[in-house]
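Here is the structure we will look at.
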Amino acid sequence: MPSAIVVRDLQKFYDGVPALHGISFEVAEGEVFGLLGPNGAGKTTTVEILEGYRQRDGGDATVLGHDPGRSPRALRERIGVVLQQSDLSPNLTVRETHLMFAGYYARPRDVDEVVELVGLGEKRDARVKTLSGGQKRRLDLGVALVGDPDLVFLDEPTTGFDPAARRSAWEMILSLRSLGKTILLTTHYLDEAQRLADRVAVIRAGQIVGLGTPSELIGEAGKTEIRYREGDRQVVMETEDPTRALHELTSAALAAGRELDHLEVRRPTLEDVYLELVGDEEEDRAG
Amino acid sequence: MKLLLHQLGYEQRVFWRSREAAVFIFVFPLLLYALLGSVYSDKIDGRPAEDVLLAGLIGYGAANTAFAGLAIILVGRRESGVLKRLRATPLPPAAYIVAVLLSTLVIFALQTVALVALGRLAFGASVPENPLGLMGAVVLGVACFAGLGVGAAALIRSAEGVSAVVNVIVLPMAFLSGSFGPTRDFPAFLQAIADVLPLTYYLDLVNGVYLAGDSLFADLSALAIVLGWGAAGLLVALRYFGWMPRER
């Protein structure tokens, strides 16, 4: 499958301090790719270089066959951007806002269709200032989709959402994938990445420390955890061969006539993998 | 061109629907004219007060609309991410800027018409002696003060502070330049300050076309000073204006 995004040895410095230490990854067409990492790891810097907002200081980047550093109009015709924080004119209506943005594109989608798609059909004639926070985020998405982009950038699309709003945002993002859009998603929510992304890159301090499908990442970490209580002592064993370990453990206990209190067998989640990958940094922050 | 008109249409819609902007930018000079016109009834520098004040408030309107108004709009849009979002669309930046400037011109032209109408109806002010020259002066006012407005927008960092900063500039400038009444009796040091302000020269030009029926090109040095200020503002903007919020 051809690549929508190719990044090779991408570097960025702020006032001489490296923010990206030469990261590389590719995003295939039609793929949902998640950039995962703690705040300040370099996610937004990476995305802003690919969106054409910032110039890279080293390495190569190609987005839909274009150099994002030049941000040519032909590229801007084909991308949709949902920013973390960006207002829209409070006094235009939902439909007018879509129409205004549709006018910038050579081949926009039907505006009413987009308004329906993002679930704002009933609010089409409401002024933007009367929308709730969740509705405003849907408007952001609608405005990003109105140019019928091939590639959509979503920068922390559900930060600050309540659980119900997150779930409906996820469904909307999954429906974008079913339309064949390529999506580059940044997030610091593990469940979000696990749920939405075909592949994930974990960034820490400007470097990619893990790259693959969520299950590959989990597989690499690979250790299954077995826990039980022995008297008032908590026993935790990690094993790469859980069947054998469990069998040995339970036969020994049966033979001795003991009960394994609170026996638990746990596969690592993406969260465990993530914490392992970025752990030091999170601890730095906590300290 | 089609994009330009598209954007101009939405700029106008956004402006007139925002009550704060419409009142502060469009109505305020009219209000001041109504107040000052009621206070001064005699002659100012040998001319009817209503005529001198009308020219003065057209000048104040140019500074208020194109300088203060534009700076407030641009800084607000930059800091709230509106400009950043636009930058990722195919809309060419030049088309956007020109549409915003044309929108400012439309607002100031309508304001000038409203000021003249108010003067005629309420105070019996004269009609402009050189209407074509007045139209030219309206365009010139936007060219000068919008240049300064984008320059100021490039230098002002915060959306909270922009209103205060531009008003601290515009109101004293209008006062010193004679927008609100005669400056003849001002102390010398204030007149010396007025002598470098663009509004002083802009008012000379408006007075010339409005009251004396002069050509806009009658006083070339005043014209050059006004355009020079606008160009200086534009140069600052070209050097320092950015589309991204200044959060870093």
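Heads up: the protein sequence lines correspond to chains A and B, in order. Its first residue numbered 1, the first sequence is counted upward by one per residue in our numbering. Its first residue numbered 1, the second sequence is counted upward by one per residue in our numbering. For glycine and all other residues, C-beta sits at the position ideal for the given N, C-alpha and C.
Item                                                                                                                                                                                                  : Value
How far does the beta strand (DSSP E) with residue 33/A in it extend, from its first residue to its last?                                                                                             : 32-36
Please determine, among 107/B, 58/B, 89/B, the residue with the shortest C-alpha to C-alpha distance to residue 208/B.                                                                                : 58/B
Measuring alpha carbon to alpha carbon, tell me which of 254/A, 203/A, 139/A, 23/A ends up nearest residue 117/A.                                                                                     : 139/A
Short of 7 Å in beta carbon distance, which residues of its chain neighbour residue 83/A, apart from the five on each side in sequence? Order them along the chain.                                   : 155
Please report the distance separating the alpha-carbon of residue 53/B from that of residue 141/B.                                                                                                    : 17 Å
Expressed to the nearest angstrom, what Euclidean distance is found between the alpha-carbon atoms of residue 218/A and residue 192/A?                                                                : 15 Å
I need the straight-line Cα distance from residue 178/A to residue 28/A, nearest angstrom please.                                                                                                     : 15 Å
For residue 32/A, which residues in the same chain have their Cβ closer than 7 Å to its Cβ, ignoring the five residues on either side in sequence?                                                    : 177, 183, 185, 196, 197, 198
Under the DSSP definition of a beta bridge, which residues are partnered with residue 264/A?                                                                                                          : 227/A
Using beta carbons (cut-off 8 Å, strictly below), is residue 283/A in contact with chain B?                                                                                                           : Note on residue 283/A: pLDDT 47, under 50, position unreliable in the model; no value is reported.
Look at residue 74/A and residue 146/A and say whether their C-beta atoms are less than 8 Å apart.                                                                                                    : no
Contact check, residue 152/A vs residue 34/A under 8 Å by CB: the rounded distance?                                                                                                                   : Wrong, their Cβ atoms sit about 13 Å apart, outside the cutoff.
Are the beta-carbon atoms belonging to residue 36/A and residue 274/A less than 8 Å from one another?                                                                                                 : yes
Listed in chain order, which residues of the segment 90-106 of chain A have Cβ atoms closer than 8 Å to some Cβ of chain B?                                                                           : 90, 91, 92, 96, 100, 101, 103, 104, 105, 106
Would residue 270/A pass as a contact of residue 190/A if the rule is Cβ separation under 8 Å?                                                                                                        : yes
Closer than 8 Å by beta-carbon distance: list the chain B residues that pair up with residue 51/A, in chain order.                                                                                    : 88
In whole angstroms, what is the alpha-carbon distance linking residue 260/B and residue 76/B?                                                                                                         : There is no way to answer for residue 260/B, as the model of chain B reaches only from 1 to 248.
Beta-carbon separation of residue 125/A and residue 78/A under 8 Å?                                                                                                                                   : no
Starting from the C-beta of residue 108/B, find all residues in its chain whose C-beta is less than 7 Å away, skip the five residues before and the five after it, and write them out in chain order. : 61, 62, 65, 66, 138, 141, 142
Determine the closest residue to residue 260/A out of 276/A, 168/A, 234/A, with distance taken between C-alpha atoms.                                                                                 : 234/A
Hey, residue 148/B and residue 240/B are a contact pair by Cβ (cut 8 Å); roughly how many whole angstroms apart?                                                                                      : So it is not a contact: roughly 13 Å between Cβ atoms.
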